[in-house]
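Numbers given in the numbering used here equal positions in the sequence shown, counted from 1, plus 3.
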Amino acid sequence: MKLIVISPESADPREPAVLGELFAVGLTDYHLRKPTWTRDQLADFLRALPPIFRRRIVLHSHHDLVAEFSLAGPHHRDQSICHLLSDKSEEAEAVDKQNANPVCNLLSDKKSGGLVSRAVHDLDALESVFFRYDRLFFSPVFPSISKPGHTPAGDLDRERLQRLLTGTPRFAEVIALGGIDDTRIPECKALGFDGVAVLGAVWQAADPVAAFNHLRDIASFA
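#1: Going by other Cβ atoms of all chains shown within 10 Å of its Cβ, with 16 needed for buried, is A70 buried or exposed?
#2: Within 10 angstroms of the Cβ of A175, are there 16 or more other Cβ atoms? Answer buried if so, exposed if not.
#3: Could you tell me which whole beta strand (DSSP E) segments of length 3 or greater appear in the region 5-29?
#4: I'd like to know whether the C-beta atoms of D81 and H124 end up nearer to each other than 8 Å.
#5: Whole angstroms are fine: how far does the CA of A75 sit from the CA of A208?
#6: Just verifying my parser: in three-state terms, what is the DSSP assignment at H217?
#7: Does the region 212-224 touch the region 11-18, meaning 3 or more C-beta pairs lie closer than 8 Å?
#8: Can you give the Cα-Cα distance for A193 and D158, rounded to whole angstroms?
#9: Measuring only the C-alpha atoms, how far is S223 from L6?
#10: Restricting to Cα atoms, I'd like to know which of D47, H34, I221 and R36 is closest to P189.
#11: Ends of the beta strand (DSSP E) at G76?
#12: Let me know the alpha helix (DSSP H) ranges lying completely inside the region 124-177, each 4 residues or longer, listed in chain order.
#13: Could you check what DSSP says for S64 in three-state terms: helix, strand or coil?
#14: Does the distance from the C-beta atom of G195 to that of S149 stay below 8 Å?
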């Protein structure tokens, strides 16, 4: 299974050094999510990274930086205007033609040739975008480690989720997010996820690199 690491939401003095170590030991996918950071803050962070590592980073905001720094691609929120583009409606075409929100323009992202990622929080939405994105984060699958109180919907139908992931044709890889630790990875594999994304399991550990290596070993044999 693929193992993806998500950045801490706010500044963490350990992050630059730890990230370099994670890339050195084999991290292939890093989602940079800093919801309160300005464009300049993100640009400074990216500028400090060796260019060889930038292609492994998916950016969650200020998507114009993706091209500027040759990043892997953009990630979109479930509530973004990008959902308009999933049905090729007249409204969606108007948004695209007017370029009213270029930061969240799915068609432009796809034309760029990079990876396009999106968050999804319910099964109907998940099924509707299987062929619209390269990567889908489905969350929360379990109670979140980094966001106390953020838990799966009480009516999450895990049998339907498994049927969708294992029996429905799709283009996108689907990644489990929310409450993922070493005990949850085998269950995610059994449900049919292509990989898992972790935040708290790495960044709340005393040794994030050791925690990553442990999770990667489990994911490799799940």
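Built from N, CA and C at the ideal position, the CB exists for glycine as well. Here the structure is a predicted model, which is why all the values come from computation and not from measurement.
Quick answer:
#1: A70 comes out exposed.
#2: The residue is buried, with at least 16 neighbouring Cβ atoms inside 10 Å.
#3: With a minimum length of 3 residues, the continuous beta strand (DSSP E) runs that stay inside the region 5-29 are 5-9.
#4: Yes, the Cβ-Cβ distance between D81 and H124 is below 8 Å.
#5: Whole-angstrom Cα-Cα distance: 27 Å.
#6: DSSP, read as helix, strand or coil, puts H217 in helix.
#7: Verdict: no, contact absent.
#8: Computed Cα separation, rounded: 19 Å.
#9: Using only the alpha carbons, I get a separation of about 9 Å.
#10: With distances taken between Cα atoms, P189 lies closest to I221.
#11: G76 to H79 is the span of the beta strand (DSSP E), which, as asked, contains G76.
#12: Within the region 124-177, the complete alpha helix (DSSP H) segments of 4 residues or longer fall at 126-131 and 161-170, listed in chain order.
#13: S64 falls in the coil class under three-state DSSP.
#14: No.
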